[in-house]
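In the numbering used here, each residue carries its 1-based index in the sequence shown increased by 85.
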Amino acid sequence: MFEPRDQIRAMSGYHSPQVDVPIRLNTNESPFAPPEEWLRQLEGIVSTIDWNRYPDRSATELRRTIAQRHGVRPEQVFVANGSNEVIQTILLAYGGAGRKVATFEPTYQMYAQIARVTGAQVVEGERQPDLTLDVAEIERVVKEHQPSVTFLCNPNNPTGLVEPEHNLRALLKIATGIVVVDEAYAEFSDWSAMELVSDDVPLAVTRTFSKTLSMAALRVGYVVAPEWIIKNLEIAALPYHLDAFKQAATIAALSFTDEMETRVATIKSERSRIQNSLRELNLEVWESGSNFILFRASGKPATEVWQSLLDQGVLVRDCSSWPRLAGCLRVTVGTSDENSAFLQAIRAAVS
Ligand code: PMP
86 MFEPRDQIRA MSGYHSPQVD VPIRLNTNES PFAPPEEWLR QLEGIVSTID WNRYPDRSAT
146 ELRRTIAQRH GVRPEQVFVA NGSNEVIQTI LLAYGGAGRK VATFEPTYQM YAQIARVTGA
206 QVVEGERQPD LTLDVAEIER VVKEHQPSVT FLCNPNNPTG LVEPEHNLRA LLKIATGIVV
266 VDEAYAEFSD WSAMELVSDD VPLAVTRTFS KTLSMAALRV GYVVAPEWII KNLEIAALPY
326 HLDAFKQAAT IAALSFTDEM ETRVATIKSE RSRIQNSLRE LNLEVWESGS NFILFRASGK
386 PATEVWQSLL DQGVLVRDCS SWPRLAGCLR VTVGTSDENS AFLQAIRAAV S
């Protein structure tokens, strides 16, 4: 009786080692601090909160502000503490024991992890050796398993590849349950599934404040979906799961989105610089539509390269022990100086 459930015992959890080094390029955050003006506004917000009262349970104002941003109705928006919690809420409502959840591997590991925690069975579709996804494989997985939830990640983490729109359209045509498109990195990509959201399509599109919007510490994410899906997420969520300060701070942040999005252009040009430099070193590099780059450290074992980078003060993500990613490392695009330091370190590491 002191043992946890089987699903928990079988899992080791999802951890990105946090090492105290000068240059951290391992968790795909924004390298830029949020706008100073927003930080000043936060001080004022603290004194406007009725701290002895529970917050607005439906986060009415926040949902209205997010809905406006995307041209949808507030009833089509659900907000949570990071998009991980959004994903968890979706899986509490639509996953669970006796149901199947489909992923196309390699992809963001939390889909499978959270699905299993809810007791659902995970069915894994396979990508091609070049890590792109075929429509035929989407059709095979859906027809064979009839999943209640199917995940696509656009752009995909950890590959950085943009998922072609025709893959999503093909999936929506045959979907047997809800389709979740995780758009944590959408701002760095050239297309978004957001405009396909409509009350008669079983599509849910998730977004986060942790990347482009420079607020990973605040923990805010949301989903835009048909009203009938949102209603079920509200049932699955805990009462008052979004604290009052966060609601107000996020509403304030939304008036700075243009300013934060101008930084996307800088990240994209730095991304090209890193990709080109890695290719000059004859490393295999995947084309990224995101703020990170997957590459294969051929020649030397990836873990040796990772350690050498770390010894030089640069932390990247070692994906080489993950299934299907032998030899691979993933680097987040940082500030120009951080990227230059990374490039100098990788030259030394692979030479
Ligand atoms: N989805 C993807 C694809 C991610 O890479 C991440 C962050 N690593 C998340 C969701 C979770 O983001 P957050 O919970 O910070 O919103």
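Cβ atoms here follow ideal geometry from the backbone N, Cα and C, with glycine treated the same way. Keep in mind it's a predicted model, so treat the numbers as computed, not measured.
Check, Outcome
"Residue 347 versus 246, 272, 88 and 129, residue with shortest Cα-Cα distance", "272"
"Unbroken alpha helix (DSSP H) run spanning residue 290, endpoints", "Unbroken run through residue 290 is the beta strand (DSSP E), 288-293; no alpha helix (DSSP H)."
"Of the residues 191, 415, 288 and 328, the one placed nearest residue 234, counting alpha carbons only", "288"
"Whole-angstrom C-beta distance between residue 297 and residue 349, which should lie under 8 Å", "6 Å"
"Identity of the residues DSSP links to residue 267 by a beta bridge", "238 and 291"
"Rounded separation between residue 28 and residue 209 - CA only", "Residue 28 cannot be examined here, being either before or after the span of the chain that is shown, 86 to 436."
"Delimiting residues of the beta strand (DSSP E) encompassing residue 321", "Unbroken run through residue 321 is the alpha helix (DSSP H), 312-321; no beta strand (DSSP E)."
"Cβ pair residue 381, residue 413 closer than 7 Å", "yes"
"Below 6 Å from a heavy atom of the ligand PMP - residues by beta-carbon", "113, 167, 168, 169, 193, 238, 242, 267, 269, 293, 295, 301 and 306"
"Close beta carbons around residue 197, own chain, < 7 Å, minus the five adjacent residues each side", "188 and 207"
"First and last residue of the uninterrupted alpha helix (DSSP H) at residue 176", "168-179"
"Sequence-distant residues of the same chain with beta carbon closer than 8 Å to residue 330, five excluded per side", "130, 131 and 134"
"Start-end ranges of the beta strand (DSSP E) lying completely within the segment 390-435, minimum 3 residues", "413-417"
"Residue 262 - containing alpha helix (DSSP H), residue span", "Unbroken run through residue 262: none, as it is neither H nor E."
"Identity of the residue in 342, 108 and 364 nearest residue 154 by Cα", "342"
"CA-to-CA distance, residue 176 to residue 93, given in whole angstroms", "16 Å"
"Element boundaries [alpha helix (DSSP H), containing residue 333]", "329-338"
"Continuous alpha helix (DSSP H) stretch holding residue 227: start and end", "220-230"
"Secondary structure of residue 124, DSSP reduced to three states", "helix"
"Terminal residues of the beta strand (DSSP E) in which residue 381 lies", "377-381"
"Close-in-space but distant-in-sequence residues of the same chain around residue 242 (CB under 6 Å, 5 per side omitted)", "193"
"Element boundaries [beta strand (DSSP E), containing residue 296]", "Note, residue 296: premise wrong, no beta strand (DSSP E); not H, not E."
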